[in-house]
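Mapping of the sequence shown onto our numbering: position 172 corresponds to residue 316, and the numbering continues sequentially without gaps.
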Amino acid sequence: LDLEDSVAPEKKPEARAAVAEWLARARGTPCLVRINPIDSDHVRADLDAARGADGILLPKAEGAASVKALLAMGDCPPILPIATETPAAVFALGDYPQVAGQLLGLTWGAEDLPAAIGAASSREADGSYTAPYQMVRSLTLFGAHAAGVAAIETVYPNIADAEGLAAYVARGRRDGFTGMMAIHPAQVAAINAGFSPSEAEIAHAREVVAAFAASPGAGALKLGGKMIDLPHLKQAQALLARSAQE
Numbered sequence: 145l146d147l148e149d150s151v152a153p154e155k156k157p158e159a160r161a162a163v164a165e166w167l168a169r170a171r172g173t174p175c176l177v178r179i180n181p182i183d184s185d186h187v188r189a190d191l192d193a194a195r196g197a198d199g200i201l202l203p204k205a206e207g208a209a210s211v212k213a214l215l216a217m218g219d220c221p222p223i224l225p226i227a228t229e230t231p232a233a234v235f236a237l238g239d240y241p242q243v244a245g246q247l248l249g250l251t252w253g254a255e256d257l258p259a260a261i262g263a264a265s266s267r268e269a270d271g272s273y274t275a276p277y278q279m280v281r282s283l284t285l286f287g288a289h290a291a292g293v294a295a296i297e298t299v300y301p302n303i304a305d306a307e308g309l310a311a312y313v314a315r316g317r318r319d320g321f322t323g324m325m326a327i328h329p330a331q332v333a334a335i336n337a338g339f340s341p342s343e344a345e346i347a348h349a350r351e352v353v354a355a356f357a358a359s360p361g362a363g364a365l366k367l368g369g370k371m372i373d374l375p376h377l378k379q380a381q382a383l384l385a386r387s388a389q390e
């Protein structure tokens with residue numbers, strides 16, 4: 145539920161009332177509320193309206209300081225910062241281990257940052273990100289993993305492009321993201337499918353774990369004609385842990 149950019153300033157009180165009413169109903173799906181930035185005049189009223197939400201999406205977060213400032217305002221559910229929407233935010237991506245226990249994860253965006261620095265676009269003609277935004281994507285990925293929280297890929301804006309969405313999801317998972325934001329409900333099924341381990345991947349991970357269990361103390365083994373070592377074991381264990389949560 146959004147209280148930030150999709151809501152005009154004069155409509156925000158009405159939007160807060162609608163959010164509070166919706167959150168008061170019984171629901172089976174976890175719900176996050178995107179509030180206004182921490183330095184805005186709206187944030188306290190937004191938090192009041194968001195009571196009962198399962199999480200807060202915090203835009204224009206600038207590291208642990210923004211999270212701590214939000215927590216200081218009172219009771220707050222777990223927070224998902226959008227961590228790359230200002231220039232200062234990019235330099236604070238290493239701060240999040242300080243507040244990891246209060247985070248749902250870490251995500252990024254490539255829309256507000258170009259506007260903040262006067263860039264014409266964050267994308268090449270083919271839709272891929274230009275070098276500065278590839279960099280902030282990577283820094284978010286590593287910042288999330290350094291904090292031990294979920295690394296959440298940003299949105300794919302072309303709702304009608306199913307093939308492009310599938311490729312975008314596959315790239316995110318390949319690179320180490322653990323989930324992705326959706327810009328439209330029609331994208332949710334494809335995102336969930338793309339980030340869920342396949343039966344073949346689960347079977348292979350079990351084989352890796354079993355191979356090391358059968359050879360205690362081994363640093364490297366041969367499996368299926370290929371060498372595997374301890375990083376492969378760690379990947380297999382992480383995949384199995386993730387599949388058990390789904």
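Note that CB positions come from ideal geometry on N, CA and C, so glycine has one too.
Residue i: first and last residue of the uninterrupted beta strand (DSSP E) it sits in
i	result
Thr298	Unbroken run through Thr298: none, as it is neither H nor E.
Arg178	176-178
Spatial neighbours of residue i in its chain, beta-carbon cut-off 7 Å, leaving aside the 5 residues before and after
i	result
Ala288	Gly249, Leu250, Ala294, Ala295
Ile335	Val313, Met324, Ala326
Pro241	Ala290, Ala291
Inter-residue CB distance, residue i and residue j (contact presumed, cutoff 8 Å)
i	j	result
Ile223	Leu247	6 Å
Ala233	Lys204	7 Å
Asp190	Arg171	Their Cβ separation, rounded to whole angstroms, is 19 Å, which puts Asp190 and Arg171 out of contact at 8 Å.
Spatial neighbours of residue i in its chain, beta-carbon cut-off 8 Å, leaving aside the 5 residues before and after
i	result
Thr284	Ala227, Thr228, Leu237, Leu250, Thr251, Trp252, Ala295
Pro301	Ile327
Residue from the options whose Cα sits closest to the Cα of residue i
i	options	result
Ala168	Gly196, Asp192, Cys175	Gly196
Glu297	Arg317, Ala304, Pro360, Met279	Arg317
Leu384	Ile303, Gly369, Pro360, Val352	Val352
Pro329	Pro341, Ile346, Leu309, Gly320	Leu309
Pro331	Gly320, Asp256, Ala347, Ala306	The question names Pro, but residue 331 in the sequence shown is Gln. Residue Ala306 is the option with its Cα nearest to Gln331.
Ala194	Val151, Leu147, Gly361	Leu147
Cα-Cα separation, residue i to residue j
i	j	result
Gln365	Gln381	Residue identity check: residue 365 is Leu in the sequence provided, not Gln. C-alpha separation (whole angstroms): 16 Å.
Ile261	Ala349	44 Å
Asp198	Asp192	14 Å
Ala290	Pro341	23 Å
Residue i: first and last residue of the uninterrupted alpha helix (DSSP H) it sits in
i	result
Ile261	256-261
Gly316	306-319
Met325	Run containing Met325: none; DSSP gives neither H nor E here.
The ligand GTP heavy atom lying under 7 Å from the CB of residue i
i	result
Trp252	Here there are no bound small molecules, and the ligand GTP is not part of this structure.
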